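Chains as they are written, first to last, in my numbering: chain H, 438 to 703; chain U, 17 to 337; chain A, 3 to 301.
Notes to accompany the following structure.
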């Protein structure tokens, strides 16, 4: 892994003129931005602005929804991941996902972490990989004596860290996090945020959050999304502003961003 | 709404007359008594059958189960239910052997998005219709369509694989094989419906978590979805087993009703339910009691299987609610 | 063609290539599709044969004449049709009051205290297990209780009781569901006006739940119409027109069973025609009840 020695972070993703539809309904319009390598990028904005939708496009998880359609390009190291010669299953192995609600499998803690490794047909020492992943997820000390117990026996915060361990056991390059702390208490939230800072060295992280303090605490770059009403009576999400977190929260260029980050929204 | 016939008084202020209150209490009591009656109906059925089987139980004891003779000739009565017990268990077992993989496959087909929702709903409905066709119609169809169709198959099995005990007898038409096949068809709908329901009841997060890690559809199905829904699938199979054990008409019409214990699937056999259907209308004296004894055994077997199924399925529901 | 020039090393593994898992996926998808096809095949096979062989014999005589004696042709299943209507009606008359009032208890009154809840739990459990009781056992029960004891003997009454046992779980379950979806404020509106419980139930709640309850009754009747095992040694059979509820009575399903195994062509044809008629009745009932349920869900 190349560590953050490069002065100008190389982008992992480029999102170019992306429109997203569910059936005839347009959910997101005209998004163009990039995701820098080995940094944390936060998506913020009011609910319904399409930030989770964009996030799920980055590892083609929206393919599970039959009516989903995407226009534009999302390139990963220069290659459009929606090209027909791309295998979406492989995309998801390189680009992991942590969900809003902790969703461990009804299996033991050990098997939850090993699941991802078995998916990629990992040939090395499984015990070692499980331990390494749990250590990286800052969960090892709490669970090392009960690896055979069900993943459901853990607290909410521990379950979420278990899900993070499960995601990084696949050895992805990018970890997507969809409001990973929204179901957690403040102490668990803090632990996850510390964890993100540590993971940054090895992974590129994209996080969706509706908590602006969280974005200022963890993110290097921040994208602010908003929703506007459409003539048909629906709502469509769009990107308002994308810049370093410092600029977005200190001196944004758009009035809408200013209103949102200063709490004068709506 | 309808009850706007006391408009002048305020809500709840009208006091009821003592007579009216008494009537109300009686009404609630009545529903309670009826509910308890239906609740204990099951026990009552067992009691009635046990009571009627008492003479046979006294005469034959438990050897009734391990003994194979069925002689209703007056003066020389001798009854043992072993061949029918064997036939009941084996025909149900073969039926499940065929129906479980088919039903599970169909359930997976219907719970995944291989087809758009509309055609999937139509197929689910058609599978349900399979359960609505009366048993006696399956029997009629079996006699005139299935048995002639199976005859060359049985012949082939016997001439080429006759050294295997399962095919060691000349096929004569009715027998274990056609009966088991029709049983399989008859338990398929319940098996499919319950397996499909338990797969569809799984939280979508489970699938997302697996797919999000880069697992394929089939990996997800085999490693996550089926294990998570396993108690529902097993519960459905148990309910199917309960149906198969007690299924009467189609089996009676196809199994040949021979009170003999034969390992060959091509030979005629009998089940407890078929025995009852065949012999009750003309039974006399101790034979009635012996049949009641057999019915009691069948009832207890199906009860056991159904109660187990109920417990297993409820456990799955509790896990995800 | 466009991107073959320089592919980033991280992108290389993302490109589609033929892998074992792709093939495995195709095979499995093919297998489960085949399963669905095989599951549906018997339905079409049975319906097709019943249609082809049943419809050829259809005429008005079928509904107005008695079955022919062995060796003769012609005739119909008029007596069995009436017999089926009688025994199913008897079963309905016994099971519906019991079933609906049990459902009223379960959904309206069983939440009063912990003891009542416990009772309701056991009653529900008993009903669920009762639903799995084979129909022949219902027949044995009626036979042991009513036929051999001489209370009714072989009769439409005994058959009605046996069918009622089979219908009860369906009636209770659907009525219970139907009562549950009646909105709570409908009850409050009535009770709040000072109406007594039975008034509220009979004038407000039951009418609101009527479509759902009727659906359940139709489903239960559809099952009873086709049932045979509960009838063969309670109703027995008769080649005459029914005269009394206390005598053996002919029914369509027992007619199919009896005539399927005789060596006479006219009787066999009659069995197919009766099967066709039974299947049509049941299909119509199933489709109709499903439509009613769907309309209710939409509302």
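Even for Gly, the Cβ is constructed at its ideal location relative to N, Cα and C.
Keep in mind it's a predicted model, so treat the numbers as computed, not measured.
query: Are the C-beta atoms of residue 530 of chain H and some chain U residue less than 7 Å apart?; result: yes
query: Express the C-alpha separation of residue 511 of chain H and residue 531 of chain H in angstroms, rounding to a whole number.; result: 15 Å
query: Taking 8 Å as the threshold, find out whether the segment 60–74 of chain U comes into contact with the segment 307–320 of chain U through three or more Cβ pairs.; result: yes
query: Only counting runs of 4 or more residues, tell me where the alpha helix (DSSP H) segments fall wholly within the segment 187–212 of chain U, in order along the chain.; result: none
query: Taking a Cβ distance cut-off of 7 Å, strictly less, list which residues of the segment 497–514 of chain H are near chain A, in chain order.; result: 513, 514
query: Which of helix, strand or coil does DSSP assign to residue 86 of chain U?; result: strand
query: Tell me the DSSP secondary structure of residue 185 of chain A in three-state form.; result: coil
query: Ignoring anything shorter than 3 residues, give me the beta strand (DSSP E) runs that lie fully in the segment 444–525 of chain H, in order along the chain.; result: 448–459, 462–473, 477–481, 505–513
query: Which word fits residue 466 of chain H, buried or exposed, when buried means at least 16 other C-beta atoms lie within 10 angstroms of its C-beta?; result: buried
query: According to DSSP, which residues form a beta bridge with residue 680 of chain H?; result: H:659
query: Alpha carbons only, please: which of U:284, U:250, U:94 is nearest the one belonging to residue 102 of chain U?; result: U:284
query: Which parts of the segment 147–185 of chain U are runs of the alpha helix (DSSP H), unbroken and 4 residues or longer, counting only runs that do not cross its ends?; result: 151–157, 163–177
query: At a Cβ threshold of 7 Å, is residue 298 of chain U touching chain A?; result: no
query: In this structure, does DSSP put residue 224 of chain A in helix, strand or coil?; result: helix
query: Please classify residue 74 of chain U: is it buried, with 16 or more other beta-carbons within 10 angstroms of its beta-carbon, or exposed?; result: exposed
query: Express the C-alpha separation of residue 584 of chain H and residue 295 of chain A in angstroms, rounding to a whole number.; result: 48 Å
query: Please specify which runs of the alpha helix (DSSP H), each continuous and at least 4 residues long, are wholly inside the segment 74–136 of chain U, giving them in chain order.; result: 79–82, 98–127
query: Where do the N-terminal and C-terminal ends of the beta strand (DSSP E) with residue 582 of chain H fall, by residue?; result: Residue 582 of chain H -> no beta strand (DSSP E), and no H or E assigned at all.
query: Could you check the C-alpha separation between residue 192 of chain U and residue 174 of chain A for me, to the nearest Å?; result: 37 Å
query: Does residue 437 of chain H come within less than 7 Å of chain U when only Cβ atoms are used?; result: Residue 437 of chain H is absent from the model: chain H starts at 438 and stops at 703.
query: Does residue 322 of chain U get closer than 7 Å to chain A when you measure Cβ to Cβ?; result: yes
query: CA-CA distance, residue 325 of chain U and residue 254 of chain U?; result: 5 Å
query: On a CA-only basis, which of A:152, A:219, A:118, A:166 is nearest residue 287 of chain A? Give me that one, please.; result: A:219
query: What residues in the segment 222–241 of chain U have a beta carbon less than 8 Å from any beta carbon of chain H?; result: 222, 223, 224, 225, 226, 227, 228, 229, 230, 231, 232, 235, 239, 240
query: What does a CB cutoff of less than 8 Å around residue 654 of chain H pick up in its chain, not counting 5 residues either side in sequence?; result: 630
query: Does the pairing of the segment 114–124 of chain A with the segment 236–254 of chain A give three or more beta-carbon distances under 8 Å?; result: no
query: So, under 8 Å CB-CB, residue 354 of chain A and residue 523 of chain H are touching, yes? Tell me the CB distance rounded to an integer number of Å.; result: No answer is possible for residue 354 of chain A: it lies beyond the span of chain A, which begins at 3 and ends at 301.
query: Compare the C-beta of residue 534 of chain H with all C-beta atoms of chain U and state if any pair is closer than 7 Å.; result: yes
query: Skipping 5 residues on each side, what residues in its chain have a beta carbon closer than 6 Å to that of residue 303 of chain U?; result: 88
query: Counting contacts by CB-CB distance shorter than 7 Å, is residue 27 of chain U in contact with chain H?; result: Model confidence at residue 27 of chain U stands at a pLDDT of 40, short of 50, so the residue's coordinates are unreliable; what they give is reported in the following sentence. No, its Cβ sits nowhere closer than 7 Å to a Cβ of chain H.
query: Exposed or buried, which one is residue 469 of chain H when buried takes at least 16 other CB atoms within 10 Å?; result: exposed
query: Which residues bound the beta strand (DSSP E) around residue 115 of chain A?; result: Residue 115 of chain A -> no beta strand (DSSP E), and no H or E assigned at all.
query: Excluding five sequence neighbours on each side, which residues of the same chain lie with their C-beta closer than 6 Å to the C-beta of residue 160 of chain A?; result: 144, 148, 149, 154, 236
query: Below 7 Å CB to CB, which residues in the same chain sit around residue 684 of chain H once its five sequence neighbours on both sides are set aside?; result: none
query: Just to confirm before moving on: does the CB-CB distance between residue 641 of chain H and residue 474 of chain H stay below 7 Å?; result: yes
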